[in-house]
Amino acid sequence: MRKITYLQEPGEAVAIVGRSGAGKSSLVRCLNRIIPKFFPGDFQGQIGLFGKDIRGLRPFELADRVGVVLQDFESQLFSSQAELDVAFGPENLGLGREEIQRRVSEALARVGMLDYRERDPGTLSGGQKQRLAIATVLALHPRILALDEATTDLDPVGREEITSIVRQLGQGAISLVLVEHEPEELRMVDRVVILKQGMVEREGPVEEILGDVEGLETAGVRPPDAAKLFSEMGFAERPIRVEQAVELLQRAGERFSETGIQRLRVLDQEASNGVGDTILHVEGLGHSYPGGTEALKGVDLQVREREFLAVVGQNGSGKTTLVKHLNGLLRPTRGEVFFQGRSIKESSVSELGKEIGFVFQNPDHQIFSSSVKEEIAFGPRNHGFSEKDIKDRVERALELVGLTGLEKSDPFIMTRGERQRVAVASILAMGPRVIILDEPTTGLDYTEQVAVMEMLAELNRKGHTIIIITHTLWLVARYAHRVVLMAEGRIIAHGGSREVLARRETLARASLKPPEIIEIGEAFGFPTLSVQEFIGLARESA
């Protein structure tokens, strides 16, 4: 950051946006003096909260004024029981037992985690952990609540619920600082501030900023589908909501070409027929964790060669549990998993790893080497490949993920998007036929999200079977061939992306909502998967 001047009124909700590395997290960490107390450096300037200079104060002295939920939310959880994590802050404020218990119950209820109060946080899903981290801060009753991409792992309805709760709090005595990339959450604030290279580049009301398509994309933020559509079609208006867009398009007399619709249906069928034979087969799969939590309940699934499959569903629906069975990281409680017709029980995790690669939700959970080259070389070296073969595999993997020339770089000082690419490269070096990625775009700005997905699409075109878990349905619409929709440990729908993403009521059962461009298209008789599809259908009828 450099020479930031930032003002916020009491009770105001402000979103801070910008590309990765723009200074968003650094600004948030200054609010409770994590910077400079724990991140030393050249700190200049003054920060005032409610008219008082906080210079010289320590973070714990600001705990009841500024609550911060970090992007790395797991670092804020450390107890063996969820309610103990929530109670930790109020206990350190010296509150009485009854008040602490009241605050714990209130905070857990606000984030929908009251039924999980006795659970070990380590057994929760990523989204549940994120809710718990938010509850630990809400229990302190802060006057300022700063969420640094603190809803990234939640399903869309969960994100909306949390943002709505926080917004309601803000209408009382809480001021909200929201670091975010997704336009759906940005619509709920009063003002948007764009950072660029550590400085405030622009700020303004939500309608004004979200309607500036080019400005948002330059800042690494995905514009609302409605605004993007109107920009690409050459309209002067820039609506940011579906209802506004549909009304204006109908008024302009837009309609779809029936010939174009039939053409897209044929292309959908060709995409379905273009994949190969079954490579993974799940039959009657059930899994129960120690303590009795039944995560999967009789799941049947077939995955075909060269398929791009998205597994979606609400937090805790069993998505990650399911895919961890596909390469032996988990073993079935009931049922079977077959790879190329052979039960995976007959193979070790190491053997399966050569054919089925797994990239974790957080790339930092699998990166451990001091250089990119050594990280990528670890797998092939561990499996006894020759040094020449290892060198070739590393070079090929780096080229595939676009990191050629960064072999000597330390992965731990790279951006989140680059670390994600390193993790993918370390899997590619093994030459797997199937690549599984758990939330591959979490924590990335719009530009980085597209870059990662384009990389995966290219790997798919080169013959790799790609399986992703994600809550980001616009990515599913744009890239996936087929969707598996999960809720409460079961598959409740599966099929082509267009077919599943248009099933509004079924998606709602899994706390999901259709991408906005699908909703706009449906108003004209056909669910469109992208802005380009909508424009194509409209222009064909002109």
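Counting from 1, one number per residue, gives the positions in the sequence shown under my numbering.
Using N, Cα and C, we set each Cβ at its ideal position, and we do this for glycine too.
It should be emphasised that the depicted structure is a prediction, and the values quoted were computed from it without experimental measurement.
Reduced DSSP secondary structure (H/G/I, E/B, other) of residue i
i      : result
Thr442 : coil
Asp115 : helix
Met486 : strand
Glu336 : strand
Val349 : helix
Gly122 : helix
His365 : helix
Glu294 : strand
Leu529 : coil
Phe308 : strand
Leu473 : helix
Leu84  : helix
Glu237 : coil
Ser409 : coil
Gly158 : helix
Leu89  : It is Gly, not Leu, that sits at residue 89 in the sequence shown. In the structure shown, Gly89 sits in a helix (DSSP, three-state: H, G or I).
Arg498 : helix
Ile376 : helix
Val221 : coil
Ile47  : coil
Option nearest residue i by Cα separation, candidates the options
i      : options                           : result
Gly51  : Gly41, Gly96 and Arg65            : Arg65
Val275 : Ile34, Leu507, Arg482 and Val531  : Arg482
Phe43  : Ser20, Ser80 and Lys3             : Lys3
Val200 : Ile174, Pro142, Val450 and Ser26  : Ser26
Glu182 : Asp410, Ala219, Glu203 and Met455 : Ala219
Glu305 : Gly525, Asn460 and Pro290         : Asn460
Glu307 : Leu456, Gly341 and Glu203         : Leu456
Thr472 : Leu406, Glu232, Leu49 and Gln449  : Gln449
Tyr479 : Glu232, Ala487, Ile469 and Val104 : Ile469
Gln46  : Phe524, Ala146 and Leu7           : Leu7
Ala425 : Ala133, Arg393 and Glu488         : Arg393
Phe73  : Asp148, Glu336, Val476 and Ala271 : Asp148
Leu93  : Gln71, Ser105, Phe60 and Gln101   : Phe60
Gly291 : Gly56, Thr123 and Thr404          : Thr123
Status (buried if at least 16 other CB within 10 Å, exposed otherwise) for residue i
i      : result
Ser386 : exposed
Asn32  : buried
Glu118 : exposed
Ala508 : exposed
Asn362 : buried
Glu575 : In this structure the chain extends from 1 to 542, so residue 575 is not present and cannot be described.
Tyr289 : exposed
Ala252 : exposed
Asp438 : buried
Gln76  : buried
Val618 : In this structure the chain extends from 1 to 542, so residue 618 is not present and cannot be described.
Phe256 : buried
Gln532 : exposed
8 Å Cβ cutoff, residue i in contact with chain D
i      : result
Leu195 : Considering every chain present, this structure includes no chain D. It has just one protein chain.
For residue i, the first and last residue of its enclosing alpha helix (DSSP H)
i      : result
Met199 : Careful: Met199 lies outside any alpha helix (DSSP H), inside the beta strand (DSSP E) at Met199 to Pro205.
Gly521 : Glu516 to Glu522
Gln262 : Glu258 to Asn273
Val422 : Arg416 to Leu428
Ile54  : Segment: none, Ile54 is in no alpha helix (DSSP H) and carries neither H nor E.
Ser25  : Lys24 to Leu31
Ala109 : Arg97 to Arg110
Ile344 : Taken as a continuous stretch (DSSP letters only), Ile344 belongs to no alpha helix (DSSP H), as it is neither H nor E.
Ile174 : Run containing Ile174: none; DSSP gives neither H nor E here.
Leu186 : Pro183 to Leu186
Leu248 : Val242 to Arg251
Arg503 : Element bounds for Arg503: n/a, residue is neither H nor E.
Ile34  : Ile34 to Lys37
Span of the beta strand (DSSP E), counted from its first residue to its last, around residue i
i      : result
Phe358 : Ile356 to Val359
His325 : Premise fails: His325 lies in the alpha helix (DSSP H), Lys319 to His325, not in any beta strand (DSSP E).
Lys196 : Arg191 to Lys196
Ile279 : Thr278 to Ser288
Val68  : Val66 to Val69
Val17  : Ala13 to Val17
Leu400 : First-last for Leu400: Glu387 to Val401, but that is the alpha helix (DSSP H), not the beta strand (DSSP E).
Ala139 : Taken as a continuous stretch (DSSP letters only), Ala139 belongs to no beta strand (DSSP E), as it is neither H nor E.
#### Entry: At least 3 beta-carbon pairs within less than 8 Å: the stretch 526 to 538 vs the stretch 258 to 266
yes
### Query
Taking contact to mean at least 3 C-beta pairs separated by less than 8 Å, is the stretch 441 to 454 in contact with the stretch 138 to 156?
Output reads yes: the stretch 138 to 156 touches the stretch 441 to 454.
### Query
With contact counted as at least three CB pairs below 8 Å, one residue from each stretch, are the stretch 122 to 134 and the stretch 400 to 416 in contact?
no
### Query
Are the stretch 511 to 526 and the stretch 213 to 228 in contact at 8 Å, needing three or more beta carbon pairs?
yes
### Query
So does the stretch 427 to 440 actually touch the stretch 383 to 402, counting three or more Cβ pairs closer than 8 Å?
Yes: at least three Cβ pairs fall under 8 Å.
#### Entry: the stretch 292 to 301 / the stretch 316 to 324 touching (three or more Cβ pairs under 8 Å)
yes
### Query
Does the stretch 209 to 216 come close enough to the stretch 236 to 250 that 3 or more CB-CB pairs lie under 8 Å?
yes
### Task
State whether the stretch 70 to 89 contacts the stretch 103 to 118, with contact taken as three or more CB pairs (one from each stretch) at a distance under 8 Å.
yes
### Query
With contact counted as at least three CB pairs below 8 Å, one residue from each stretch, are the stretch 183 to 190 and the stretch 154 to 163 in contact?
yes
### Task
Please confirm if the stretch 498 to 506 is in contact with the stretch 322 to 334, defined as three or more CB-CB distances below 8 Å between the two stretches.
no
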